[in-house]
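Encoded as structure tokens, the structure appears first; notes follow it.
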DNA sequence: ACCTAATGCCGTACAATGTACGGAGACAGC
DNA sequence: GCTGTCTCCGTACATTGTACGGCATTAGGT
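Residue numbers (UniProt numbering), protein chains in the order written: chain F, 1 to 254; chain Y, 1 to 254.
The following block contains the structure:
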């Protein structure tokens, strides 16, 4: 994994950009900027929502904002940083966890649902999750709000953090599955039609008895959307009840 | 999401490549090939293991195999298909689930552990998971073997499939977190040193009481590796016990 | 034994992308 | 008014995937 070397100046610039609204900006000479970082981030998010993360190109975003490509670099150091800003801004817009008098179980379920919905609506967020999450107000604010929900269980600090990661990892992965199954559903029938002859010749039911019957492998092309929904609800139930059970056993054991 | 249109011929070619070892290949005229698809896939996997998926370029793999770039296209239609072949080949090499007289719980735990290890050792597999899993012998064989383990619980077909997805999604996401935390640990100290001044000015403990204390947000730069390990074990415990609990309640209720 | 057509290997070329470099003009503070 | 810095941007280059077509090789039909 030959990574590029760590650059403290770049790191600082990124943090400053992430927290730009909380920092007093020095008065600067030079012409007034015709566009702002917020403009760039907003248009880039629109683009990603519509056409996916790979469509977020410097040239594309520049055109959306109404400037020439290289002007983007007057506001943002590189594409990677732009994506970090997009992630932070998107998560900042996420609705706060429902806090109105819900029981702990309902609150956790709502937490998972909210994240699932958000990641389904903005699949590029999952794509961008390869990199370390940007330490901006959006990400940290979301973390804080969600910690408050999980903290109601009274677990140790370490377990509280682990429980939240567990919930979020599930919501994100399930959302990715949902999105994939929807995309596959479009040409699922045609896909099976095209490869069926070859597959059925090679997929001996003796070698693969379960795959054929239980069938995500062979059958997901048709029923994938329903399977994804069921898998999500199944997982959400397991996730939430497991965490609640742990907190109760901890309380009983003490 | 402007996807490219579905091409049945391409789909068929991909499937034929995936199952190449199971299909009788027609005798063809022309010079004997100096390289094989297996060579390409093997070298590409080595490259991905060492330098990550983005380093798997056509030119790079061609150089590794000892041919000129365009020769690659005589064997594989495009990079996307090459990656699909890599995924299937890698998963085919995964050790089969331990079947030797383990209890169900131990077997499920081992299943999660095996997948976690594999995805930590080959992080590019998680990167490649954006696309639909290739329907090759490796993927389907793994699915079949793992279904056999989960099927011991006696859940419905639908729930068995959902339970397996649940286990695998967890293992993969946790592995990605592990890899990320290791990478971050390298320059974690320097990162904090660089951005600390700005962050501490802006991160008011009144606004963010939990993040600071529980602290993956602020503290993961130092303790991320340990946190990731704990989060993995925490999640594995929850995942496995939740599924077992379901199977037992189902048995009791019937 | 020859011809035909398919096949493997590859040189050239092009489009898309990120971004380094440097210039021209605008504007704040001395 | 001078100076230094900032915005906007034209040009240019490296890297990537891959389309196109040429050349040599070889199996199968005659």
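All residues carry an ideal CB built from backbone N, CA and C; glycine is no exception.
Chain-ordered chain Y contacts of residue i [CB-CB under 9 Å]
{"i": "residue 241(F)", "result": "242, 245, 246"}
{"i": "residue 208(F)", "result": "140, 141, 143, 144"}
7 Å Cβ cutoff, residue i in contact with chain F
{"i": "residue 149(Y)", "result": "no"}
{"i": "residue 187(Y)", "result": "yes"}
{"i": "residue 115(Y)", "result": "no"}
{"i": "residue 155(Y)", "result": "no"}
{"i": "residue 217(Y)", "result": "Here residue 217(Y) scores only 48 on pLDDT, less than 50, and its place in the model should not be relied on; the value that follows carries that caveat. Cβ-Cβ to chain F under 7 Å: yes for residue 217(Y)."}
{"i": "residue 221(Y)", "result": "Any reading at residue 221(Y) must be qualified, since the residue scores a pLDDT of 44, below 50, and its modelled position is unreliable; the value itself is stated next. No, residue 221(Y) lies away from the interface with chain F (no Cβ there is under 7 Å from its Cβ)."}
{"i": "residue 145(Y)", "result": "no"}
{"i": "residue 226(Y)", "result": "no"}
{"i": "residue 82(Y)", "result": "no"}
{"i": "residue 211(Y)", "result": "yes"}
{"i": "residue 19(Y)", "result": "yes"}
{"i": "residue 229(Y)", "result": "no"}
{"i": "residue 12(Y)", "result": "yes"}
{"i": "residue 96(Y)", "result": "no"}
{"i": "residue 173(Y)", "result": "yes"}
{"i": "residue 249(Y)", "result": "no"}
{"i": "residue 238(Y)", "result": "yes"}
Within-7 Å CB hit, residue i to chain Y
{"i": "residue 184(F)", "result": "yes"}
{"i": "residue 196(F)", "result": "no"}
{"i": "residue 138(F)", "result": "no"}
{"i": "residue 47(F)", "result": "no"}
{"i": "residue 8(F)", "result": "yes"}
{"i": "residue 158(F)", "result": "yes"}
{"i": "residue 124(F)", "result": "no"}
{"i": "residue 254(F)", "result": "Any reading at residue 254(F) needs caution, since the residue's pLDDT is 48, under 50, leaving its predicted position unreliable; the model's value is listed next. It does not; no Cβ of chain Y falls within 7 Å."}
When the options are compared against residue i, the one with the closest alpha-carbon
{"i": "residue 42(Y)", "options": "64(Y), 228(Y), 166(Y)", "result": "64(Y)"}
{"i": "residue 199(Y)", "options": "180(F), 151(F), 137(F), 173(F)", "result": "137(F)"}
{"i": "residue 132(Y)", "options": "162(F), 187(F), 79(F)", "result": "187(F)"}
{"i": "residue 74(F)", "options": "112(F), 164(F), 32(F)", "result": "32(F)"}
{"i": "residue 76(F)", "options": "29(F), 47(F), 30(F), 11(F)", "result": "11(F)"}
{"i": "residue 177(Y)", "options": "117(Y), 165(Y), 146(Y), 8(Y)", "result": "117(Y)"}
{"i": "residue 211(Y)", "options": "151(F), 174(F), 81(F), 183(F)", "result": "151(F)"}
{"i": "residue 68(Y)", "options": "48(Y), 85(Y), 40(Y)", "result": "40(Y)"}
{"i": "residue 167(Y)", "options": "179(Y), 147(Y), 184(Y), 180(Y)", "result": "147(Y)"}
{"i": "residue 115(F)", "options": "92(F), 59(F), 134(F), 192(F)", "result": "92(F)"}
{"i": "residue 124(Y)", "options": "83(Y), 236(Y), 197(Y)", "result": "83(Y)"}
{"i": "residue 14(Y)", "options": "245(Y), 134(Y), 153(Y)", "result": "134(Y)"}
{"i": "residue 165(F)", "options": "231(Y), 34(Y), 70(Y)", "result": "231(Y)"}
{"i": "residue 181(F)", "options": "227(F), 159(F), 191(F)", "result": "227(F)"}
{"i": "residue 207(Y)", "options": "145(F), 47(F), 120(F)", "result": "145(F)"}
{"i": "residue 120(F)", "options": "49(F), 66(F), 78(F)", "result": "49(F)"}
Chain F residues whose Cβ lies nearer than 9 Å to that of residue i
{"i": "residue 15(Y)", "result": "194, 195, 198, 199, 202"}
{"i": "residue 152(Y)", "result": "Correct list: empty, because the minimum Cβ distance to chain F is about 12 Å."}
Neighbour list for residue i in chain F, Cβ cutoff strictly below 7 Å
{"i": "residue 130(Y)", "result": "127"}
{"i": "residue 190(Y)", "result": "6, 8"}
{"i": "residue 106(Y)", "result": "Within 7 Å Cβ-Cβ: nothing; residue 106(Y) doesn't reach chain F, min ~18 Å."}
{"i": "residue 79(Y)", "result": "Within chain F, no residue comes near residue 79(Y); the closest Cβ sits about 14 Å away, beyond 7 Å."}
Chain F residues whose Cβ lies nearer than 8 Å to that of residue i
{"i": "residue 235(Y)", "result": "162, 165, 166, 169"}
{"i": "residue 177(Y)", "result": "165, 169"}
Whole-Å CB distance - residue i paired with residue j, under 8 Å assumed
{"i": "residue 149(Y)", "j": "residue 97(Y)", "result": "5 Å"}
{"i": "residue 195(F)", "j": "residue 23(Y)", "result": "Actually they are not in contact, since the Cβ atoms of residue 195(F) and residue 23(Y) sit about 13 Å apart, beyond 8 Å."}
{"i": "residue 90(Y)", "j": "residue 129(Y)", "result": "Contact doesn't hold; Cβ gap of about 12 Å is too wide."}
{"i": "residue 171(Y)", "j": "residue 234(F)", "result": "Residue 171(Y) to residue 234(F), Cβ: 16 Å. No contact."}
{"i": "residue 106(F)", "j": "residue 169(Y)", "result": "That belief does not hold up - the Cβ atoms of residue 106(F) and residue 169(Y) are roughly 23 Å apart, past 8 Å."}
{"i": "residue 44(Y)", "j": "residue 86(Y)", "result": "5 Å"}
{"i": "residue 240(F)", "j": "residue 112(F)", "result": "7 Å"}
Chain-ordered chain Y contacts of residue i [CB-CB under 7 Å]
{"i": "residue 180(F)", "result": "132"}
{"i": "residue 86(F)", "result": "Near residue 86(F) there are no residues of chain Y at all, since even the closest Cβ is about 16 Å away, more than 7 Å."}
Residue i: contacting residues in chain Y (beta-carbon distance under 8 Å)
{"i": "residue 70(F)", "result": "Those do not exist, as residue 70(F) stays about 24 Å from chain Y at its closest Cβ, beyond 8 Å."}
Between the region 21-32 of chain Y and chain F, which residues of the former have a C-beta closer than 8 Å to a C-beta of the latter? 22, 23
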